[in-house]
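Numbering (the numbering used here), first residue to last: 923 to 1145.
Have a look at the structure below, then the notes.
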């Protein structure tokens, strides 16, 4: 049985260098397929944690994309424990966010600097869906949440939407090509952003009303 994180090496003696080789060999493997894999339990655990997204993140999935739960961890040093004197790797996260793109009301990753905290979990063309459970469609909101949580908690999680089909890749390329550093089609005022963020954080604890405000049956009236 193939498990998450397995690296397929052969199918019935046919070496597989990529996904195309694997599916081609599997197509002609009937009635029995003997698959040789390299298995790394640690890597499997990491991959499983990344692809398992908690239901409370309420991510609106789109066809042609894969979704991962990424985590950034900032390990402070003894000599440099505050933000102003922190390692350049952390400051570079903020700099990279300044150059990200807002394309069709989505925060599109257009820059990932080598050696930064984001290098291991983001690639060009990724879409940032939320930050610690707060949906983001504005790069300034995303930046504020990322920087704030890294400074206060030393860690931050976010859901990444990654193109995994031809159409999705073309969409990302179009967004990267436009290189528009503009706002969403409808920019919210700062006070509205704050109210919306508080409401999203309170959503998990809200309960359904005990009695509906809508009338039902024959007595219902619509003016």
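Ideal placement from N, C-alpha and C gives every residue a C-beta, glycine not left out.
Query, Result
"Over the uninterrupted alpha helix (DSSP H) stretch that includes residue 1034, give me the two end residues.", "Residue 1034 -> no alpha helix (DSSP H), and no H or E assigned at all."
"What residue range does the alpha helix (DSSP H) around residue 1067 cover?", "1061-1075"
"Enumerate, from N- to C-terminal direction, the unbroken beta strand (DSSP E) stretches of 3 or more residues contained entirely within the stretch 937-969.", "957-960"
"So is residue 1144 buried or exposed if we call it buried at 16+ other beta carbons inside 10 Å?", "The predicted model places residue 1144 with a pLDDT of 47, which falls under 50 and marks its position as unreliable, so this point remains unresolved."
"What does the alpha-carbon distance come out to for the pair residue 1074 and residue 1064?", "15 angstroms"
"Can you give the Cα-Cα distance for residue 1091 and residue 1041, rounded to whole angstroms?", "20 angstroms"
"What is the DSSP secondary structure of residue 1019, reduced to helix, strand or coil?", "helix"
"For residue 929, which of helix, strand or coil comes out of DSSP?", "strand"
"Between which two residues does the alpha helix (DSSP H) carrying residue 1052 extend?", "Note, residue 1052: premise wrong, no alpha helix (DSSP H); beta strand (DSSP E) at 1049-1053."
"Going by DSSP in three states, residue 985 sits in which element: helix, strand or coil?", "coil"
"Quick check on residue 1056: does DSSP put it in helix, strand or coil?", "strand"
"Quick check: what's the CA-CA separation for residue 935 versus residue 942?", "16 angstroms"
"So, for residue 958: in the same chain, excluding its five sequence neighbours on each side, which residues have a beta-carbon less than 6 angstroms away from its beta-carbon?", "931, 932"
"Does the distance from the CB of residue 1052 to the CB of residue 1031 come in under 8 angstroms?", "no"
"Got a sec? Which residues, its chain only, sit under 7 angstroms from residue 929 by beta carbon, not counting five neighbours each side?", "959, 960"
"Check for me: the alpha helix (DSSP H) holding residue 1090 runs from which residue to which?", "1088-1100"
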